[in-house]
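The structure appears right after this line, and notes come after that.
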Amino acid sequence: MLAGAGRRGLPRAGHLCWLLCAFTLKLCEAEAPVREEKLSVSTSTSPCWLAEEFVVTEECTPCSNFQIKTTPECGSTGYVEKITCSSSKRNEFKR
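Residue numbers -30 to -1, 1 to 65, in mature numbering (1 follows the signal peptide of the UniProt record, and there is no 0), belong to the letters of the sequence shown in order.
Structure, rendered in structure tokens:
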């Protein structure tokens, strides 16, 4: 007699696997609700000089070794100017 012949019990694992796979695929195919949100640009992360008038407080000068490593504005040219934005009074560097 073959092993397992005549035994009654749980259905074959293969059937359960196919059922679970089919159910999972249906869940994956279901469309998630589309959320329409308006993206707004945070002014705190954008340079103030893009949106405001500004005054140059320090003319274009070479960056120090420390500034080259820590200030992104120094990266491309190695020179930077310091500005103050009129409305927000923020002091920033500008390439």
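Note that the Cβ used here is the ideal one computed from N, Cα and C, for glycine as well.
Model, not experiment: these values are computed from the prediction.
Setting aside the 5 residues that flank it on each side, W19 is surrounded in the same chain by I53, C55, E62 and K64, each with a C-beta closer than 7 Å to its C-beta; the list follows chain order. Apart from sequence neighbours up to five positions away, the residues of its chain that approach Q37 with a beta-carbon distance below 6 Å are C44, ordered along the chain.
The alpha-carbon separation between C30 and E22 amounts to approximately 20 Å. For T40, the enclosing alpha helix (DSSP H) starts and ends at N35 to T40.
If you draw a 10 Å sphere on the C-beta of V26, you find fewer than 16 other C-beta atoms in it, and that means exposed. Distance between C33 and S57, taken at the CA atoms: about 27 Å.
When beta bridges are read from the DSSP output, P32 appears opposite Y49. DSSP, read as helix, strand or coil, puts E62 in strand. Ranked by Cα distance from N35, the options E28, T47 and F24 are led by T47. Taking the Cα positions, R60 is about 12 Å away from S16.
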